[in-house]
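Residue numbers (this note's numbering), protein chains in the order written: chain A, -18 to 328; chain B, 136 to 393; chain C, 10 to 122; chain D, 21 to 580.
Just below is one structure, and these are the notes that go with it.
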Amino acid sequence: MHISPVMWQFLTKWLANSALFPREASTVAPWADALYFFLVGMTVVGLVLVGILVIGFSIRYRKSVHPVATQIEGSTLLEATWTIIPLAIFLVTFVWGALLYFRIYNPPANSMNIYVVGKQWMWKAEHPGGQHEINALHVPIGRPVQLTMISQDVFHSFSIPDFRVKREVIPGRYSTVWFEATDAGTYHIFCTQYCGTKHSGMIGEVTAMTQEDYDKWTQESTSGMSLAQNGERLFASMECTACHNGTATARGPNLAGVYGSKLTLTNGQQVLVTDGYLRDAILNPSQHVTAGFAPIMPTYQGQISEDGLIDLVEYIKSLNSNYRVQQTLGTSQSDLAAPTTPGMVKP
Amino acid sequence: MANTIAAAHEHEATASHGHDDHHVSLPQHRHHFETQEQQREAGSFGMWLFLLTEIMFFGGMFFAYLLYRNWYYDAFVTSSNQLSVPLGAVNTVILISSGFFMALAVWAAEVRKKKQLVRYLILTTIFGLAFLGVKTVEYKEKWEKHHIPGASFDVHEFINPAIDAKTGKAEQRPLAPDMAQKTQVFFFLYFAMTGMHALHMIIGLGLLGWLIYRAQRGDFTDGYVAPIENFGLYWHFVDIVWLFLFPLLYLINRHPLQ
Amino acid sequence: MSEHHYHDASNVVNPEHAEHHIVTPLQYSYVYGGLIIGTIITVLAADINLGVFNPIVALAIACTKAVIVILFFMHVKYQSNLIKVTVGAGFFTFIVLVTMSLVDYMSRAWGLW
Amino acid sequence: MSAATISSNTILSLPDQRTASMPKRHYINNEDGMLSWLLTGDHKRIAMLYLFSITFFFFIGGAFAGLIRLELLTPQPDLVASDTYNKFFTMHGIIMIFLFLVPSVPATLGNFLIPIMIGAKDLAFPKINLLSWYLYLIGGTFTLAALVLGGVDTGWTFTTPLSTHYLNTHVITAATAIFVAGFASIFTGLNFIVTIHRMRAPGMTWFRLPLFVWSNYAASILMVLGTPVLAIAIVLVALERLIGIGVFDPTKGGDPLLFQHLFWFYSHPAVYIMILPGMGVISEVISTFSRKRVFGYSAVAFSSVAIAVFGFFVWAHHMFIMGVSNYSALVFSLLTMLVAVPSAIKIFNWAFTLQKGSITFETPMIYAFGFMGLFTIGGLTGVFLGALGMDIHLTETYFIVAHFHYVMVGGMLMAFLAGIHFWWPKMTGRMYSEPLSKLSAVISFIGFNLTFMPQFILGYLGMPRRYHAYPAEFQVLNVLSTAGATVLGVGFTLPLLYLAWSLKYGEIAGNNPWQATGLEWQIQSPPLTENFTEVPVIDYEAYDYERLERKHANEVTTVG
Ligand code: HEA
Ligand code: HEA
Ligand code: CUA
Ligand SMILES: [Cu+2]
């Protein structure tokens, strides 16, 4: 990005209009393109160099003008030259590539979070406000958006070429990617990891809109329940409250404020509680038992869908005080809470 | 240029003396080898390269084992404690003995003692069979306890371990249900690794039968020892795999509970 | 010039050749004894609680036994450098597979990204 | 001309073909009958058997490529159903890689030439060589069985848990095919290594070996050490499918990435198994047609070994975004950059071999030039993929498809064709039609670029690979690509025709039609079954054109 911004704009706009170049619709796109142009330049230089050598020698030393070959052993100086120069160029590429990598995969602290669940063969996006979308994603522009993604079955890969971002959606593990859209418009979402029969149908659209439009959209498409509220119901209906009721005598630890804190485990290890940790604590509780507690929590593996887990995680994240748990205790007695898992996939 | 030619000739000159006298031509000598020695060295080098591929083949499984052992240590401990150390140790000794006799067989072939060669090969076979016999006993026990991975795998016992009648204490720490599931991973690796090892043994025993037959005919005691030597390499390699399998599978955290 | 002498095994200067050495039954018996003792030690050591050292001790003994088998039963001690390098290459590649993959698994826990 | 100039300058002119005659006895007519071929131990005959079988599979794989391109002519999923398409590219990938490209140069040219080049009568283990061909055939049969029974749709990468738990196609059949064919490749590699170490003729020191032998040696190391890891990975996949215990299934505590580690531990070195022997061909061809020793012989030789060794350290660059830790992504990216350097060294050494040569442009040379250009593009786009941040956007798109076709088709396939054209006179004793072969080289070059250049652009635009249907805006480039594939198909079918034709009607080639220095050119073509009437003694370097010229001069004087 060291050419002047005007030149850059001109170059990329012109290229994009030629339909041979993707649009630059996110903040990282110009950074990725800069490296790309550098690498294309490297390739052209390398190719031209090899081309000049091969064609030049071929013309200069073709048999008709140069019938007598001169035998040459080699040249250490030349060998060194073409070891060191490519090596240097490749090392620059490595450093540049690594910097770009961290730019693309390190979300800024203030980014908003949207969950994405991939399954054969569709994308489900879940906004914190409870808006669910299938094969579509609405995001505001000018604001960093982080996607926390997980797959329900096989590897998928979430790709938005016009944003130059992509990340594998892994079964059994949260992965994240972030972007900040710059231009309003719609862009392709592709699943880029081969995932079975309808892999090529696992596509969708991102709609980037201004903040106002986005707010309007969230208002209109809300289902009335936020993810945390869904999670709260689930928390009650799965009887988590039996142990996690926030009281001193509870068999399970108090979950208020646990998100983002550091826990000490029975084996003395310290862990940071993240989304991934919360999910894992529900599915494989005995693998990291919090100090001071017995490993009595049952596993919920196979009982809660990924969407349900997201709801629970979102709920636990939202617990800053025990107030909500107390409320939940009340709810669990009522018959309001449907025992079905919201969004549970029917086979 | 002149130099290199001279060097080459010099080399030949040094190499050429005093070889012809013990150059015997055997019927097993293949036409495309210049000398017997060359054929022999080619054979053993080839065998070694084959063993390299075996190292990498088992290596893949050893790596999987290492990974899951780190991840699911508790499950690995509990399931490992289900295996019988006495049986495993006895089997180790049996296999080492079998290898010992194999080594002696190679020696017998080298010093051209036909009777001994046959005897040692038979001993190798007997110990090999004994190993497989013990293995069968172990596998059978797993079958009865429903520890064969797959549909009928039963983790019940790991969650509620049996109480020792005398001490009244549990024989081992109970596992949480989610960890108990992981014992299946252990048993899968156990069966995959020991099974693959046993398969190699079975192939080896088949070859042994054939070698015994030929040794009896006197094929290997006239200076042509390559098949015996190369089979020996194979057999020892199979031993080595077991030398690692035994501590890794049987001896995880064996000491009494603290 | 005669061509029969190039592949001369008695030419020990060449790293690819070695003399054909015969190990005696007595030497084999020592090795055998060593291996049995190693087995006994492994079993005994497993009964003692050495903490993290249990697997290390077990593996160390197993490696020692393996090396003994390779050197004597498999005659590598008396083989050409070529064979020695070959054996080394096999274990080296295995180590590469294990360490570089394990580095991935271990470092996954280091940071969020 | 004074003696001094002769020692440093070489004039060699091609011999007059008209005077050449076919030798009465050679390896082809030495014995007759089907059985004499099917039970042969002769490395040259096995090479020919391999040549026929890999050609057969190449055209099957090529037919699938044609079907893929046909489907992608339009954005709609109109030609076939999506699972059929998936089976197409899976079959295309499996056949092209395991049944064509991996055995291509080693099992045919390598088999034929390595013993001759080092002055041996045969490979060390002729029976194992034959066994390897049968294993290859069994592997091929299983592949065809998987195809006929209904196909597989895992992709050639067998990604778990897709391949283990979510597909009900013939994964195990295909896995068996790869397992068995893998052993064919192990045995070839093993045989080469032993042969090169143990069977060299008197005086044939390591640094007198032709570079073709060096590069096959390097590739053999990869075959022997890498392939078994693929074998075990594939066995685990089969077991996981059969009993479903979960070593690769995250819901049961397994790690799906473990499979990827094992698979790529083989499959990255495998790409060097594919390219290294081809690089050996290029060394021979460039040297011969510029009448000059290869510039920087030892640099080229060692770079082969360096590629083989470093090739084992970079496998996770195929998993950059698949969930490896970022630390190891960094390490693997760095190592990827290092492994790219030896290839650059080779390219420049070849280019400088031309300098002060006396260059002629026979068909093999045209293919070799094609290789240099296309492999440079393919290799440098590999560097794009090795750069972490760039790979995020490019991975799993058509950019990758373009990258590997540039290295595999533009690189290796061109090298293979260069080699076939180069050694065809030696293998069969006959020449093919020079104008036709030049034409087809040019056609393939044009067709190739037309096919795969647009795919780079498609890839940067974001078109994902393994897509059966795609957004309409990508159509123009896809049409170009399909058009190119048609041209390419013609370019690859032509050699089949004129080479077959030449078997009967081609001019008699003579012993050394190219005036090349290699040992293989100093014996009759086609060679005798035992290659040499007497064991050659080598007291000269490879690529010694002066010596050849002196020999030539002697011949003239004696005749005169
Ligand atoms: C013959 C096969 C072959 C060869 C030789 C290569 C060579 C290389 N490959 Fe390629 N690759 C494949 C076959 C091959 N590849 C295949 C089949 C896949 C996809 C598999 C799949 O997913 O299905 C793949 C995928 C692949 C990826 C994974 C992409 C992804 O999935 O995200 C990566 C990433 O690093 C990569 C990198 C490289 C590099 C750095 C080289 C290097 O070795 C290249 C070195 C060569 C050069 C660098 C060119 C010569 C240099 C010069 C002439 C110097 C130029 C001058 C200047 C610099 C001034 N390749
Ligand atoms: C050696 C390796 C090799 C070779 C030579 C080729 C050759 C070709 N490949 Fe291949 N390709 C791969 C290896 C190779 N490929 C691999 C590994 C994959 C990845 C698979 C995966 O994703 O799992 C792939 C994937 C792949 C794709 C991507 C599919 C997708 O992701 O959806 C495409 C698309 O264009 C393609 C095209 C071609 C073309 C046009 C050729 C052309 O070069 C072929 C030209 C040859 C011919 C056209 C044959 C000529 C003969 C005839 C025409 C006669 C026909 C006979 C009958 C009809 C009986 N290949
Ligand atoms: Cu999901 Cu491809
Ligand atoms: Cu690679």
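Beta carbons are placed, not taken as given, at the ideal position from N, Cα and C, and that holds for glycine.
Going by the beta-carbon positions, is the gap between residue i and residue j smaller than 9 Å?
i        : j        : result
SER286/A : GLN133/A : yes
SER501/D : ARG89/D  : yes
ALA407/D : TRP77/A  : yes
VAL376/B : PHE198/B : no
ALA55/C  : HIS390/B : yes
PRO43/D  : SER378/D : no
ALA336/A : ARG145/A : A query on residue 336/A cannot be resolved here, the shown segment of chain A reaching from -18 to 328 and no further.
PHE268/D : PHE285/D : no
SER345/D : MET115/C : yes
PHE212/D : ILE134/D : yes
PHE19/A  : THR57/A  : no
LEU59/D  : LEU150/D : yes
Do you know whose CA, among the options, lies nearest residue i's CA?
i        : options                                   : result
VAL252/A : GLY233/A, ALA272/A, ALA237/A and ASN235/A : ALA272/A
MET434/D : GLY300/D, THR163/D and ASN532/D           : GLY300/D
TRP242/B : ILE283/B, PRO382/B, LEU187/B and PRO362/B : PRO362/B
VAL112/C : PHE352/D, SER464/D and LYS312/D           : PHE352/D
HIS180/A : MET473/D, GLY530/D and HIS488/D           : HIS488/D
ALA140/D : SER522/D, SER205/D and LEU539/D           : LEU539/D
VAL257/D : VAL168/D, LEU497/D, PHE395/D and THR196/D : THR196/D
MET137/D : PHE109/D, TRP226/D and GLY113/D           : TRP226/D
LEU230/B : MET191/B, ASN388/B and HIS371/B           : HIS371/B
ALA333/B : PHE168/B, LEU264/B and ARG352/B           : LEU264/B
CYS224/A : THR51/A, ARG41/A, ALA275/A and ILE184/A   : ALA275/A
Note down, in chain order, each residue of its chain lying with its Cβ closer than 7 Å to the Cβ of residue i, except the 5 sequence neighbours on either side.
i        : result
GLY509/D : GLY82 and GLY86
ASP103/D : ASP173
TRP176/D : THR110, GLY113, ILE114 and ILE117
GLY266/D : LYS272, GLY273 and GLY274
THR417/D : GLY479, GLY482, MET483, PRO484 and ARG485
THR173/A : SER138, SER140 and LYS147
LYS524/D : none
From the DSSP secondary-structure annotation, give me the bridge partner or partners of residue i.
i        : result
ARG308/B : In DSSP, ARG308/B forms no bridge with anything.
GLU114/A : ALA106/A
PRO279/A : Answer by DSSP bridge pairing: none, since PRO279/A is not bridged.
PHE139/A : ARG148/A and CYS172/A
PRO121/A : MET190/A
PRO89/A  : Per DSSP, none; premise fails for PRO89/A.
ASN551/D : LEU548/D
TYR96/A  : GLU107/A and THR129/A
By Cβ distance below 6 Å, which residues in the same chain neighbour residue i in space, the five residues on each side in sequence not counted?
i        : result
HIS572/D : none
HIS335/B : VAL373
GLY526/D : ARG450, MET451 and TYR452
LEU317/A : Note that LEU317/A scores a pLDDT of 35, beneath 50, so its modelled location is shaky; the value from the coordinates is reported in the next line. So the list is empty, once near-sequence residues are dropped.
LEU355/D : PHE333 and VAL334
Tell me which same chain residues have a C-beta within less than 8 Å of the C-beta of residue i, skipping the five on either side of it?
i        : result
ASP261/A : GLN268 and HIS269
Q) Taking Cβ-Cβ distances below 9 Å as the criterion, which residues of the stretch 87 to 101 of chain A are in contact with chain D? A) GLN101
(Q) Any C-beta of chain A within less than 7 Å: which residues of the stretch 372 to 386 of chain D qualify? (A) PHE372, LEU374, GLN375, LYS376, GLY377, SER378, ILE379 and THR380
Q) For the stretch 198 to 219 of chain D, which residues have a CB atom closer than 9 Å to at least one CB atom of chain B, in sequence order? A) PHE203, ILE206, PHE207, GLY209, LEU210, ASN211, ILE213, VAL214, THR215, HIS217, ARG218 and MET219
Q: Identify each residue in the stretch 319 to 341 of chain D for which the Cβ-Cβ distance to at least one residue of chain C is less than 9 Å, and report them in chain order.
A: PHE332, PHE333, TRP335, ALA336 and MET339
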